[in-house]
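Working notes for the structure below.
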Amino acid sequence: MRRKKGHQDLQIVCAGIGGRGVLLASTILIETAISRGFHCLTSDEYGMSQRGGSVISMVKVGDFNSPLIGREEADVLLSFEESEFYRNIHFLKRGGLAIVNTEKTSLQKEIEGILSTRQLKIFLVDCDRLAFACGTIKASNMVLLGFFSRQSVGPFTYEKMRETVTADSKGRSNEVNIKALDAGYKEHGLLLNTPSP
Amino acid sequence: MKRQREVMIGNFAIARGLVEAGIELAAAYPGTPSSEIIPGVITFSRRENRDIHAEWSTNERCAFEVAYGASYIGKKAACMMKQVGLNVAFPSLIHSLEKPIRGGLVIISCDDPGPQSSQTEQDTRLIATLFNIPVFDPASPKEAADLAYYSVNYSYEHKTPVILRSTHRVSHAREDVPIYPIGKRRVKFSEGPEHPAEIKPGEDSPLAIVASGMSYSIARDVIKGLGLEKRIPIYKVTKIPGVKSTDPNLTDFVNGYKRVLVLEETDSVIEAILKDGGKISGRRDGVIPREGEITYDVARYAIEGLAKRYGLLKKTFSPDENIERALKGISFPHRPPKLCAGCPHRASFYAMNFTYRDALFPGDIGCYTLGTTMGAVDTCLDMGGGITLASGFYDAFSQDGLYPPILASIGDSTFFHACLEPLYDAVKKRKRFILVIMDNGTTAMTGMQPTPQSGMAANGTPANSIPIEGVLTGFGIDFIRVVDPYDMPGMVKTLIEAYEYIKKPGKESIGPAVIIGRHPCILAIKEDPSKKAFHPLELEEGCIGCKHCIRKFECPAILFDEEKKRIKIDMGLCVRCGICLYACPSHSKGKELSALLKKGG
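Here it is as structure tokens:
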């Protein structure tokens, strides 16, 4: 198994609804990881519904055999839709990082308790609004990835993610995707809870 | 030379392995999770300048027999299907075992543990082992490519059909897969015991695992996560032994430990082959649930439980229940599968339930199985069953002098796949029911593959088209109507007319009444919603908050605004079809529909 020294294994859950680019986002992640010499696996889950249903894609970077992630094992939860954050929060391990695409400035208050007891680091980002400003709401997946690249987790640096997106799509959609990725990278987002170290 | 690699899903990896092994023909009927293999074969065939004949078959039996025919005269061939599709090809598969082939034949059958998009979780390996058909069970996309290549050669050498069994977790996983030139793949066939250095076989560890397929990969990750990779040996099974044979290596391994956990999907196949002797754990003793997918959590729970019992582990994982407690107070939309916004099937189902609420609704397999929640699909047995069940219902009721309306529904791809004999049978015997053929011009459920009517081949080139109404006329059906389901008053009127027709007296001349509801799949046409005349505000503004449309029309774009007590349209999902106006009792279009019912009924 090829693995770079000094890097921890990394497990990421991408969660959203059909038709909003969850699978494209996880494709960008796996291609970025592999381009940097990491072993990476993803698993896509489609429900019966082509559009509007829940979609999950799991991404595992490092010394793994299966692409499946267990409860409270994920380092990162990328929620492309607020509702899917709640539905999948059980995947997130203690001290995990979550990015939630939402126009709101707070999550539902019942969840606040576990954010601190589980020491979760949660960012709220209005990806839809930023994507709309770039030309299409459909690019909100790229905004979220751009914001994720700000955190420079494992192989997912801004420069490398940008290279993958540039290579991955063509023509006008490429322009919009890059613009959206950049917009996400520049966004500060709203950090909900700063857990005690 | 740098080895070439490429990120791809398991089904493309299978296609790559087949193409590298030099297959000359591939035939398949689409079915989740197998549908991406044929597109993969076409992609790699083009890229490698090969002239592989690849086609979508009308059903799995056609796919199998076409591939078998090619292998019979000496070619290397493959066919693909989902696990329940193997049932359709079953008679010819069984008979093919008695006749030697000159070439090679690989059947790729993709199982659906869960099930996620099937009626049952049927295990292909069970059928294969019962009839001693060699069956390989890959554990990852990379291994799927290797085993696809290996299977073709194995079949060619042994002159016998071979099954490659994938599951959705392998078929839909992505990995970087090594690529080789045609005929040059270096296959690493991995099977057998993996003894960690610290353990001498049969001595130091009381607990071992036997696993195959994706369950093997998960077991490896779980054991590593628990820090037990040096304490629990695993035996990887890749070629599943037949029930009439034994694998001495596997038997020796099992004999060496006090307790052996078998992890496999989805049925107990390896578990059934192994002699128990009171030491095997798995689905039969309940350590693994009797049905369902072996997820990471299921495997972790089982392995931890046994590891603790045998003193290898002190503490086990206990889920943080605070998460569930917090979620209890939070409302977020549950997202059960629903027909898409603007789906023409929704319009048909609404009209069917609206016109004959108390009818019997035999249904079938496809997107339109989702009509169950709209009260317009009562049964889902198998493909084609929608028609034959309607016949059975008619006979059963008419025998007792009862004639309730029977409204069967099938799709256009299903019509060609499995409905010709059932329909001919119904016509011949004068069964009186209404059949609605939901013709959206494509095999939508599995990703837009063409049907025999589409006029398109698997590689996108033009092909001849067989119109459904031509077949119906040929069968001698009297009542054939083509209606656009978006014309909901037209659909209601036609349903009333059809029921009047089948109620006519006279024993001889009346048979099934067939309505073709024809409107292209909303995902296939990709219209620009902003160019449509309908504006969603039309539904919002007149809303009195009765929720009839939410309950009966179930469009994912219609939400309810609890504050304003009226419906709210999700503009991102709405395709501006405007059909919901017919489902609004206070709108003039809804009233128009009710008036039709009073007149007709």
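Residue numbers (my numbering), protein chains in the order written: chain A, 7 to 203; chain R, 928 to 1528. Virtual Cβ for every residue (Gly too), placed ideally from N, Cα, C.
One finds I936, H1099, A1100, R1101 in chain R with Cβ atoms closer than 8 Å to the Cβ of A/D50, taken in chain order. R/Y956 counts as buried, since at least 16 other C-beta atoms from the protein chains shown sit within 10 angstroms of its C-beta. When DSSP reads this structure, A/S49 sits in a beta bridge with A/M64, R/A1100.
Beta-bridge annotation (DSSP): R/H980 is paired with R/L952. For R/T1222, the secondary structure class from DSSP, reduced to helix, strand or coil, is coil.
For A/F97, the number of other beta carbons within 10 angstroms of its own is at least 16, and it is reported as buried. DSSP, read as helix, strand or coil, puts R/Y1162 in strand. R/I1292 sits in coil when the DSSP states are folded into three classes, being neither helix nor strand.
Here the alpha carbon of R/S961 sits roughly 8 Å from the alpha carbon of R/D1038. Excluding residues up to 5 positions away in sequence, G937, P1065, A1071, M1141 lie with their Cβ nearer than 6 Å to the Cβ of R/V1097 in the same chain. In this structure, the beta-carbon distance from R/Y1076 to R/A948 falls below 7 Å. The three-state secondary structure of R/M1301, taken from DSSP, is helix. In the structure shown, A/L121 falls within a helical segment according to DSSP collapsed to helix, strand and coil.
Within the same chain, T1421, I1442 come within 6 Å of R/R1408 by CB-CB distance, once the 5 residues on both sides are set aside. Every unbroken stretch of the alpha helix (DSSP H) spanning 4 or more residues and falling wholly within the stretch 105-176 of chain A is given here in chain order: 118-123, 133-140, 146-156, 164-174.
DSSP places R/S1093 in the strand class (E or B) of the three-state scheme. Leaving aside the five residues that flank R/H980 on each side, the residues in its chain whose CB is nearer than 6 Å to its CB run, in chain order, L952. Counting C-beta atoms within 10 angstroms of its own C-beta, A/P161 has 16 or more neighbours from the protein chains shown and is therefore classed as buried. Nearest to R/G1232 by C-alpha distance, out of R/D1224, R/Y1223, R/T1243, R/G1397, is R/T1243. With a cutoff of 7 Å on beta-carbon distance, R/P1120 and R/Y1162 are scored as near each other.
Cβ proximity to chain A below 8 Å picks out T1222, Y1223, D1224, R1227 from the stretch 1209-1227 of chain R. With contacts defined as CB atoms closer than 7 Å, R/I1395 and R/F1360 fail to qualify as a contacting pair.
Taking a contact as a CB-CB distance under 8 Å, the pair A/C133 and A/N94 does not count as one, their CB atoms being some 17 Å apart. Around the beta carbon of R/E1251, fewer than 16 other beta carbons lie within 10 angstroms, which makes this residue exposed. CA-to-CA, the gap between R/R1236 and A/T33 works out to about 41 Å. It is roughly 15 Å from the alpha-carbon of R/K1069 to the alpha-carbon of R/S1139. Along the stretch 142-165 of chain A, going in chain order, the ones with a CB nearer than 8 Å to a CB of chain R are I143. Taken residue by residue, none of the stretch 171-196 of chain A has a beta-carbon sitting less than 8 Å from a beta-carbon on chain R.
DSSP assignment within the stretch 1005-1049 of chain R yields the following whole beta strand (DSSP E) runs of 3 residues or more, N-terminal first: 1031-1038. When the alpha-carbon of A/T48 is set against those of R/H1099, R/I1035, R/E975, the nearest one is in R/H1099. Within 7 Å of the CB of R/I1257, the CB atoms of chain A belong to Y92, Q114, E116, I117, in sequence order along the chain. Just so you know, the alpha carbons of R/Q1010 and R/E1192 end up roughly 13 Å apart.
R/G1031 is not a Cβ neighbour of R/V1104, given a cutoff of 7 Å.
Linking R/S1023 to R/V993 through their CA atoms gives a straight-line distance of about 12 Å.
Fewer than three beta-carbon pairs drawn from the stretch 993-1004 of chain R and the stretch 960-979 of chain R are found closer than 8 Å, and the two stretches are therefore not classed as touching. By the CB criterion at 7 Å, A/K110 and A/E79 fall outside the cutoff.
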